[in-house]
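Note sheet for the following structure.
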Amino acid sequence: MKQSLIDHFDIISTRISPTLLGPGAVRSVKKLCSLFPYDITGDFGFESRLGDPLPACDLSMQIRNGSEGGNILAGKSHVSSLSPTLLREPLWQKMGALFTAWSVPGGILAEKVDSFWLEFDHTDNSFN
Numbered sequence: 000m001k002q003s004l005i006d007h008f009d010i011i012s013t014r015i016s017p018t019l020l021g022p023g024a025v026r027s028v029k030k031l032c033s034l035f036p037y038d039i040t041g042d043f044g045f046e047s048r049l050g051d052p053l054p055a056c057d058l059s060m061q062i063r064n065g066s067e068g069g070n071i072l073a074g075k076s077h078v079s080s081l082s083p084t085l086l087r088e089p090l091w092q093k094m095g096a097l098f099t100a101w102s103v104p105g106g107i108l109a110e111k112v113d114s115f116w117l118e119f120d121h122t123d124n125s126f127n
């Protein structure tokens with residue numbers, strides 16, 4: 000059974016050159032991926048800093064309007080939920096309110112916003 004975004008990441012991680020994503024960055028991305036359920040998105044990617052001597056990356060994911068990911072972030076999914084670690088954070092509680100508002104049929108967010116991209120910028124200490 001697939002548990003988290005790590006299940007998606009593991010499929011591609013062995014094919015990523017260590018010059019783009021070093022072992023420390025792989026561990027950091029896996030730790031971040033462990034916080035999100037497998038079905039939060041089908042669209043995620045990486046941004047790598049070419050020419051940087053330290054192989055690091057940023058992680059981004061798209062959440063589409065009406066998707067299971069939107070339901071998860073709004074706390075309305077019957078299948079999955081965010082990690083308890085995230086749910087305790089005030090920032091993620093605010094994100095939940097945003098996604099709850101986005102899920103209201105006929106609301107301005109639901110009518111005008113097709114998707115959100117969430118990006119997690121990696122620094123030496125982030126994702127840890």
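Counting in numbering that gives the first Met the number 0, the sequence shown runs without a single skipped number right up to 127 at its last residue. Glycine residues also receive a C-beta, built at the ideal position from the N, C-alpha and C atoms. All of these numbers come straight from a predicted model, not from anything done at the bench.
Using only alpha-carbon positions, find the residue among the options that is nearest to residue i.
i, options, result
"His77", "Phe115, Glu67, Ser47", "Glu67"
"Ser3", "Leu81, Gln92, Arg26", "Leu81"
"Phe43", "Lys111, Met94, Asp6, Leu86", "Asp6"
Pull up the DSSP beta-bridge partners for residue i, would you.
i, result
"Trp116", "Gln61"
"Glu46", "Asp57"
"Pro36", "Ser3"
Spatial neighbours of residue i within its chain, please: CB distance less than 6 angstroms, with the 5 preceding and 5 following residues excluded, ordered by chain position.
i, result
"Asp113", "Asn64"
"Ser79", "Pro36, Asp38, Ile71"
Which same chain residues, not among the five before or five after residue i, have their C-beta less than 7 angstroms away from its C-beta?
i, result
"Phe130", "Nothing can be reported for residue 130: it is not among the residues displayed for the chain, which extend from 0 to 127."
"Val103", "Ala109"
"Val25", "Ser12"
"Gly23", "none"
Tell me which same chain residues have a C-beta within less than 8 angstroms of the C-beta of residue i, skipping the five on either side of it?
i, result
"Lys75", "Thr99, Ser102"
"Asn124", "Residue placement at Asn124 is poorly supported in this model, since its pLDDT is 45, which falls under 50; the coordinates still yield a value, given next. Excluding residues within five positions, none has a Cβ falling inside 8 angstroms."
"Ala73", "Gly95, Phe98, Thr99, Trp101, Ser102"
Count the other C-beta atoms from every protein chain shown that fall within 10 angstroms of the C-beta of residue i, then say buried if there are 16 or more, exposed otherwise.
i, result
"Gly41", "exposed"
"Ile10", "exposed"
"Ile107", "exposed"
"Gly69", "buried"
"Ala96", "exposed"
Round the Cβ separation of residue i and residue j to the nearest angstrom and send it over; I've been treating them as touching at under 8 angstroms.
i, j, result
"Leu19", "Ser59", "Not confirmed; about 15 angstroms, so no contact."
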